[in-house]
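Asker: My questions all concern the structure below.
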Amino acid sequence: MNAASYDDGLTRAEPASRGGIADFLGDARRLGVELHGFMAWQGSAVVAEGWWHPYGPQRPHMMHSATKSFLSAAVGLAVHERRFALEDRVVSFFPAHLPHGIGENLALMTVEDLLTQTSGHAQGASGSVWRGIRSSWIAEFFKIPVVHAPGSFFRYTSATSFLLSAILTRTTGMTAHDYLRPRLLEPLGIHDLAWDVGPENINPGGNGISCKLAGLLKLAVLHLQGGAWNGAQLLPRDWVRRATTPQRGNAHGYHWWMGPRGSFYAYGVFGQFAIAFPEQDAVVAVNAATPPGEETLRSLLWSHFPAALQAGEELSTLTLLPDLPAGSSPLAQSRRFEAEPNEDGIRSLHLRFEPGRCVLEVSDARGDHAITMGLGEWIEGDTTMSGAPLHHGYEPASMRVLARAGWRDERTLEMQWQFVETAFRDTVVLHFESPQEVRMERSVNVNSGSLRRPTVRGIAPR
222 MNAASYDDGL
232 TRAEPASRGG
242 IADFLGDARR
252 LGVELHGFMA
262 WQGSAVVAEG
272 WWHPYGPQRP
282 HMMHSATKSF
292 LSAAVGLAVH
302 ERRFALEDRV
312 VSFFPAHLPH
322 GIGENLALMT
332 VEDLLTQTSG
342 HAQGASGSVW
352 RGIRSSWIAE
362 FFKIPVVHAP
372 GSFFRYTSAT
382 SFLLSAILTR
392 TTGMTAHDYL
402 RPRLLEPLGI
412 HDLAWDVGPE
422 NINPGGNGIS
432 CKLAGLLKLA
442 VLHLQGGAWN
452 GAQLLPRDWV
462 RRATTPQRGN
472 AHGYHWWMGP
482 RGSFYAYGVF
492 GQFAIAFPEQ
502 DAVVAVNAAT
512 PPGEETLRSL
522 LWSHFPAALQ
532 AGEELSTLTL
542 LPDLPAGSSP
552 LAQSRRFEAE
562 PNEDGIRSLH
572 LRFEPGRCVL
582 EVSDARGDHA
592 ITMGLGEWIE
602 GDTTMSGAPL
612 HHGYEPASMR
622 VLARAGWRDE
632 RTLEMQWQFV
642 ETAFRDTVVL
652 HFESPQEVRM
662 ERSVNVNSGS
672 LRRPTVRGIA
682 PR
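Using the working numbering, the final residue of the sequence shown is 683, and nothing's skipped along the way.
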């Protein structure tokens with residue numbers, strides 16, 4: 222999609238040369254970094270942007286832990302409205318959830334300890350683990366040992382972010398999402414942000430937001446401008462200053478990270494960034510799919526920006542993946558396979574071929590699921606296909622997907638499922654050992670856990 226045809230409410234600068242942006246893109250391509258979207262803002266306008274098809278400016282994307290920086294704004298507003306104070310003790314909000322005989326460290330933990338990731342927890346907690354918990358997450362938080370004195374030890378964890386969200390809900394009677402909507406999201410022109418809800422109707426806090434890349438960019442621009450937007454002070458200026466400067470002696474503010482050369486940034490796993498460069502009055506925002514702990518993209522961003530910024534670049538013709546030829550095979554016939562017992566609980570596979578497309582239907586413990594694929598061409602649709610073990614624990618009720626398939630050879634059908642509102646791309650390969658026997662291999666481009674599921678074998682009924 223041409224970015225100019227999508228209205229996100231942001232001003233664009235006049236065109237100029239490609240300059241250093243091309244160098245950044247070339248290095249990313251050479252190093253195998255999978256980019257999904259890129260925007261750069263400087264001096265009141267977007268000066269460079271591009272999306273790698275099938276991603277686009279109109280599509281929301283999972284932001285993962287960049288969510289924490291939205292939560293920071295919600296907490297800042299609640300503190301400003303005197304809903305609670307940074308000095309308030311955490312245990313005071315949830316007397317019914319406390320364990321018997323709370324320790325001294327837990328008793329001393331404050332709201333500011335949660336914000337600065339100095340809760341005293343020795344181990345971090347990932348959203349991928351908590352998403353599987355169906356009981357009270359508040360009670361789960363208070364089960365975590367508080368090994369260190371609060372304020373004395375930095376440990377990044379999504380557990381603290383969740384409890385901040387829970388405190389906000391307890392004191393306002395609203396989810397963090399509902400609280401932010403009229404105060405921040407609507408004034409910024411962010412109308413389509415979605416935020417997961419966990420047990421007890423509380424947003425996870427540390428993750429769960431999906432929004433367009435422009436929404437993440439706007440959040441960083443707002444903080445770059447000291448909380449001001451179009452003449453209105455949406456966030457208290459002093460709060461923004463504290464949130465985006467180092468606290469407690471480490472490179473972390475109030476759920477914002479500190480970067481080199483005076484920069485600060487929001488970050489989500491798999492390569493979701495919004496970096497503000499105050500000295501250059503600039504913000505760079507990126508959606509990507511990079512392995513957890515992989516520092517290549519971060520290093521590229523620091524090495525190329527902000528020096529690479531030049532006005533007016535539009536990179537709307539980029540393509541994420543090479544073509545997948547449709548190929549052909551005498552095995553391209555509709556058939557159903559009964560699955561042998563397998564770890565994913567798949568009961569059957571039903572492969573159907575139609576002119577120019579094929580459909581894979583999978584039956585498992587969650588129900589019946591289908592994805593329609595173009596032969597050599599992308600087809601866009603929605604699916605309920607199970608995939609939490611490959612998708613950082615996420616199992617939405619439905620996911621937007623672009624899918625295609627092609628024959629590698631007469632016995633091997635490759636399928637590509639690009640879940641275009643996430644970082645995830647699944648590759649599913651069906652190996653036909655005979656017309657009646659199939660072996661399914663499924664893998665993913667990035668994940669916090671394994672990149673591959675156990676093989677599923679199927680037999681066609683005679």
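C-beta: ideal position from N, C-alpha, C; glycine also. The structure presented is a predicted model; accordingly, all values stated were derived computationally and were not measured.
#1: Closest to Ala618 by C-alpha separation, out of Thr605, Leu539, Thr381, Arg404, would be which residue?
#2: I'd like to know whether the C-beta of Gly480 is nearer than 8 Å to at least one C-beta of chain C.
#3: What three-state label does DSSP hand Arg673 in the structure shown?
#4: Leu443 to Ser349, Cα distance in whole Å?
#5: Is Arg646 near Arg663, with beta carbons less than 8 Å apart?
#6: Taking the alpha carbon of Ala360 as the reference point, which residue from Ser340, Phe383, Pro371 has its own alpha carbon closest?
#7: In this structure, does DSSP put Trp351 in helix, strand or coil?
#8: So is Gly608 buried or exposed if we call it buried at 16+ other beta carbons inside 10 Å?
#9: Given a cut-off of 8 Å on the beta-carbon distance, is the pair Asn489 and Ser669 in contact?
#10: Along the alpha helix (DSSP H) that carries His590, what are the first and last residues, could you check?
#11: Which residue comes first and which comes last in the beta strand (DSSP E) that contains Thr685?
#12: So, with DSSP's three-state summary, where would you put Trp599?
#13: Figure out for me which residue from Trp478, Arg678, Ala449 has the closest Cα to the Cα of Ser569.
#14: Using the DSSP secondary-structure output, state which residues sit across from Glu525 in a beta bridge.
#15: Pull up the CB-CB distance for Ser555 and Glu631, whole angstroms please, since I reckon it's below 8 Å.
#16: Residue ranges of each alpha helix (DSSP H) run of no fewer than 4 residues wholly in the segment 343-410, ordered along the chain?
#17: Buried or exposed, going by whether 16 or more other CB atoms sit within 10 Å of the CB of Arg352?
#18: Identify every residue that forms a DSSP beta bridge with Glu255.
#19: Which residue wins for smallest C-alpha separation from Phe362, given the options Ser379, Phe375, Pro371, Phe374?
#20: Opposite Tyr488 in the DSSP bridges: which residues?
#21: Does the segment 422-432 come within contact of the segment 389-399, defined as at least 3 CB pairs closer than 8 Å?
#22: Does the ligand ATP have a heavy atom nearer than 7 Å to the CB of Arg310?
#23: Going along the chain, which residues of its own chain have a beta-carbon closer than 8 Å to the beta-carbon of Asp544, five neighbours each way excluded?
#24: Have a look at Leu672 and Gly322 and give me their C-alpha separation to the nearest angstrom.
Answerer: For this structure:
#1: Thr605
#2: Given the protein chain composition of this structure (a single chain), no chain C is represented.
#3: strand
#4: 29 Å
#5: no
#6: Phe383
#7: helix
#8: buried
#9: Rather than Asn, the amino acid found at residue 489 in this sequence is Gly. No. Outside cutoff.
#10: That residue, His590, is in no alpha helix (DSSP H); its beta strand (DSSP E) goes 588-596.
#11: Residue 685 lies beyond the stretch modelled for the chain, which goes from 222 to 683, so this question has no answer here.
#12: coil
#13: Arg678
#14: Rather than Glu, the amino acid found at residue 525 in this sequence is His. DSSP, once it has assigned bridges, lists no residue as partnering His525.
#15: Wrong, their Cβ atoms sit about 17 Å apart, outside the cutoff.
#16: 348-351, 358-362, 379-393, 397-401
#17: buried
#18: Ala510
#19: Ser379
#20: Phe494
#21: yes
#22: Ligands displayed in this structure: none; no statement on the ligand ATP is therefore possible.
#23: Gly597
#24: 42 Å
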